[in-house]
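The sequence shown begins at 3 in my numbering and counts up by one.
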Amino acid sequence: MVKDPVIRTPALVFEHVNNTDFKQLYQSLTDYDIRFYMFEILKALDFSHSMGIMHRDVKPHNIMIDHEHRKLRLIDWGLAEFYHPGQEYNVRVASRYFKGPELLIDYQMYDYSLDMWSLGCMLASMIFRKEPFFHGRDNYDQLVRIAKVLGTDGLYDYIDKYNIELDPRFIEILGRHSRKRWKKFVHNENQHLISPEALDFLDKLLRYDHQTRLTAQEAMEHQYFFPVVKGQSCFAGSTNVPSVNTMVSSATMITGITALPASTALLPLTGSPIFNSLNTPVPAATGATQ
Numbered sequence: 003m004v005k006d007p008v009i010r011t012p013a014l015v016f017e018h019v020n021n022t023d024f025k026q027l028y029q030s031l032t033d034y035d036i037r038f039y040m041f042e043i044l045k046a047l048d049f050s051h052s053m054g055i056m057h058r059d060v061k062p063h064n065i066m067i068d069h070e071h072r073k074l075r076l077i078d079w080g081l082a083e084f085y086h087p088g089q090e091y092n093v094r095v096a097s098r099y100f101k102g103p104e105l106l107i108d109y110q111m112y113d114y115s116l117d118m119w120s121l122g123c124m125l126a127s128m129i130f131r132k133e134p135f136f137h138g139r140d141n142y143d144q145l146v147r148i149a150k151v152l153g154t155d156g157l158y159d160y161i162d163k164y165n166i167e168l169d170p171r172f173i174e175i176l177g178r179h180s181r182k183r184w185k186k187f188v189h190n191e192n193q194h195l196i197s198p199e200a201l202d203f204l205d206k207l208l209r210y211d212h213q214t215r216l217t218a219q220e221a222m223e224h225q226y227f228f229p230v231v232k233g234q235s236c237f238a239g240s241t242n243v244p245s246v247n248t249m250v251s252s253a254t255m256i257t258g259i260t261a262l263p264a265s266t267a268l269l270p271l272t273g274s275p276i277f278n279s280l281n282t283p284v285p286a287a288t289g290a291t292q
């Protein structure tokens, strides 16, 4: 914490990350790169969620990547909030292209799974080379764009399940749409980034029903990340370990909230030498069926 010497405004100073603009970087990422960086984001979200905190603004602009050193940081915790089961939250959070359906239909009892939808939007844009993947003109059109991919039947099932009253304007503009297969978005320019496990992982993130999305912890165990986990295991067991500057320490991604109180002592997260988690995580969404 420092203060501006002239106007005396308090400021937080964080480490510098030699970030490459995502619009430039994402076009050059390989299949493995995408898996690697998605896994790093999940480390940050898993830690945050285990501390009882929703980020609520996951998007490329808030992901700093030093590609040369393969270092990633999740930044901008200005919209972050503690999660309390059964509490209603403001739906005016997250950026339009990454808003979960729950926000767009004014469902206030959302949870950590909102971050997982946003992550799914990022994954779709990266593997399909379509940025943003859901490109709505406004919040109403954003839901229409989602419905044109996931179908309207699933949306109405979701609304009925949670007894949500839909804004009458949606009834006028939604129409009827069947669910599209993810393979429909595969073409010559992106097929090298597509795999059965990538589409399966995406399908378990981009779901209307927030309670059926993968949790961050479940997502890290998905087969999409097997090559990354295997690579990191080999790296950790290597006798030729590079300097610490090339290590990715996800625990420092959330520097801006590390001062928040924790009721339980922190212990190492199983299988990770660089990450901590609460002994008793705050309940999150149930997660998708594996």
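Heads up, the beta-carbon is just placed ideally off N, CA and C, and yes, glycines get one too.
Computed from a prediction, not measured in an experiment: that's the story for all the values here.
Q.
Would Tyr34 and Pro229 qualify as a contact pair, given that the criterion is a beta-carbon distance under 9 Å?
A. yes
Q: Name the one or two DSSP bridge partners that His12 has.
A: The sequence given here has Pro at residue 12, not His. According to DSSP, Pro12 bridges with Lys5.
Q.
Rounding to the nearest angstrom, what Cα-Cα distance links Leu125 and Leu106 in this structure?
A. A direct Cα-to-Cα measurement between Leu125 and Leu106 gives close to 20 Å.
Q) According to the Cβ coordinates, are Ile65 and Lys73 closer than 9 Å? A) no
Q: Output the distance between the C-alpha atoms of Thr248 and Lys132, rounded to the nearest integer angstrom.
A: Low local confidence applies: a pLDDT of 30 at Thr248 is under 50, so the model's placement there is unreliable, with the coordinate-based value given in what follows. Note on geometry: alpha-carbon atoms of Thr248 and Lys132 lie some 30 Å from one another.
Q) From which residue to which residue does the beta strand (DSSP E) around Asp68 run? A) Ile65 to Asp68
(Q) Under 8 Å, with one C-beta from each stretch per pair, do the segment 186-206 and the segment 18-28 reach the 3-pair mark? (A) no
**Q.** Extent of the continuous beta strand (DSSP E) run through Leu216
**A.** No beta strand (DSSP E) holds Leu216; DSSP gives it neither H nor E.
Q | Where Asn21 falls: helix, strand or coil (DSSP) | A | coil
Q. Between Asp108 and Pro134, what straight-line distance do the alpha-carbon atoms span, to the nearest angstrom?
A. 22 Å
Q) When DSSP labels each residue in this structure, what does Ile55 get in the three-state scheme? A) Taken through DSSP and simplified to helix, strand or coil, Ile55 comes out as strand.
Q: Taking all protein chains shown into account, decide if Leu116 is buried (16 or more other Cβ within 10 angstroms of its Cβ) or exposed.
A: buried
Q. If we count the other Cβ atoms within 10 Å of its Cβ and call it buried at 16 or more, is Arg215 buried or exposed?
A. buried
Q | Reference Ser98; option with closest CA among Ile129, His69, Pro87 and Val60 | A | Reading off the sequence shown, one finds Arg at residue 98, where the question assumed Ser. Among Ile129, His69, Pro87 and Val60, the Cα nearest to that of Arg98 is on Val60.
Q: Return the chain-ordered list of same chain residues with a C-beta closer than 7 Å to the C-beta of Ala82, the five sequence neighbours on each side being excluded.
A: Ile55, Met56, His57, Arg58 and Ile259
(Q) Cutting at 7 Å between CB atoms, please list the residues of its own chain near Tyr226, excluding the five before and the five after it. (A) Arg37, Glu199, Ala200 and Phe203
Q: With Leu74 as the anchor, note down where its beta strand (DSSP E) starts and where it stops.
A: Lys73 to Leu76
Q: Within the segment 182-212, note down every full alpha helix (DSSP H) run reaching 4 residues or more, in order along the chain.
A: 198-205
Q.
Only counting the same chain, and skipping five residues up and downstream in sequence, which positions put a Cβ closer than 8 Å to that of Arg181?
A. Val151, Leu152, Gly153, Asp155 and Gly156
(Q) Are the CB atoms of Thr11 and Met118 within a distance shorter than 9 Å? (A) no
Q | Burial state of Glu144 (16 or more Cβ within 10 Å) | A | According to the sequence provided, residue 144 is Gln. The question's Glu does not apply to it. With 16 or more other Cβ atoms within 10 Å, it is buried.
(Q) If you measure between the beta carbons of Leu121 and Ile43, is that distance less than 9 Å? (A) yes
Q: Consult DSSP for Thr272 and reduce its assignment to one of helix, strand or coil.
A: In this prediction, Thr272 has a pLDDT of 35, which is less than 50 and means its spatial position is unreliable; what the coordinates show is noted afterwards. In this structure, Thr272 counts as coil in the three-state DSSP scheme.
Q: Check whether the Cβ atoms of Gln234 and His51 sit closer than 9 Å, and answer yes or no.
A: no
Q) Taking the alpha-carbon positions, what's the Met128 to Arg147 distance? A) 18 Å
Q. Can you name the start and end residues of the alpha helix (DSSP H) that Glu174 belongs to?
A. Pro170 to Leu176
Q: Scan the segment 118-170 and note each continuous alpha helix (DSSP H) run of 4 residues or more that stays entirely inside, going in chain order.
A: 141-152 and 154-163
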